[in-house]
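So the sequence shown is residues 1 to 142, counted in full-length UniProt numbering.
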Amino acid sequence: MHRDLKPQNLLVSAEGIIKLADFGLARAVGVPVRAYTHEIVTLWYRAPEILLGASRYSFGVDIWSVGCIFAEMAARTPLFKGDSEITQLFSIFSIMSTPTEETWHGVSQLANYQEAFPQWKECCLDKALHGSMGSEDLKILK
1 MHRDLKPQNL
11 LVSAEGIIKL
21 ADFGLARAVG
31 VPVRAYTHEI
41 VTLWYRAPEI
51 LLGASRYSFG
61 VDIWSVGCIF
71 AEMAARTPLF
81 KGDSEITQLF
91 SIFSIMSTPT
101 EETWHGVSQL
111 ANYQEAFPQW
121 KECCLDKALH
131 GSMGSEDLKI
141 LK
């Protein structure tokens with residue numbers, strides 16, 4: 001897994017071919033999933049499970065980063081722009097909803113999860129993207 005996907009690490013040729021760059025944080029994924037550091041990925045593209053302190057994660061963290069990049073390409077601005085781990089989490093939760101055990105089994109067991117987090121409901125992804133994506137695009141992004 002790459003673990004540092006962000007626009008600066010995507011190279012696009014004149015023919016539109018995309019190549020990944022900067023594999024400095026890349027790790028091989030094994031079975032069972034190994035424990036990894038949470039100090040990865042530029043904050044704006046960091047997956048919620050990492051922000052919540054998960055030490056065991058897999059390709060999902062790269063998929064999250066890709067979704068953030070697609071959203072940024074559509075809206076022409078980053079979707080989640082926290083300036084600390086907690087403001088990044090709250091930026092994500094305020095648009096996507098605060099996770100619960102019903103929506104994310106095991107979330108309450110993650111090291112940085114707090115029962116006292118503000119409880120946001122999914123509300124405004126389309127608005128956050130300035131209407132730049134159609135309904136089918138939004139379904140894929142979610």
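From the three backbone atoms N, C-alpha and C, an ideal C-beta is built for every residue, glycine too.
Inter-residue spacing [alpha-carbon to alpha-carbon] between residue i and residue j
i, j, result
"L11", "E85", "27 Å"
"K121", "Q8", "32 Å"
"W104", "D62", "18 Å"
"M73", "T98", "25 Å"
"V107", "E49", "8 Å"
"G82", "R46", "10 Å"
"I17", "C68", "19 Å"
"S13", "E101", "43 Å"
"S91", "S65", "15 Å"
"residue 155", "E15", "Residue numbering for the chain in the displayed model covers 1 to 142; residue 155 lies beyond these limits and cannot be assessed."
"D126", "K6", "21 Å"
"L20", "M1", "12 Å"
"D22", "Y57", "20 Å"
"H130", "C123", "13 Å"
"T87", "Q114", "14 Å"
"Q119", "F93", "8 Å"
"L138", "T42", "23 Å"
"A128", "T77", "10 Å"
Those residues which DSSP pairs with residue i across a bridge
i, result
"L11", "K19"
C-beta contact flag for residue i and residue j at 9 Å
i, j, result
"residue 157", "A54", "Outside the modelled stretch of the chain, which goes from 1 to 142, sits residue 157, for which no answer is possible."
"L52", "A116", "no"
"D4", "A28", "no"
"W44", "L89", "no"
"R70", "L141", "The question names Arg, but residue 70 is Phe in the sequence shown. Yes, they are a contact pair."
Boundaries of the alpha helix (DSSP H) in which residue i is found, first to last residue
i, result
"F93", "E85 to M96"
"L25", "From DSSP, L25 is part of no alpha helix (DSSP H); its letter is neither H nor E."
"S108", "It is not in any alpha helix (DSSP H) - S108 carries neither H nor E in the DSSP assignment."
"L43", "Looking at the DSSP string, L43 is not in any alpha helix (DSSP H), and its letter there is neither H nor E."
"S132", "Note, S132: premise wrong, no alpha helix (DSSP H); not H, not E."
"E101", "No alpha helix (DSSP H) holds E101; DSSP gives it neither H nor E."
"L125", "L125 to A128"
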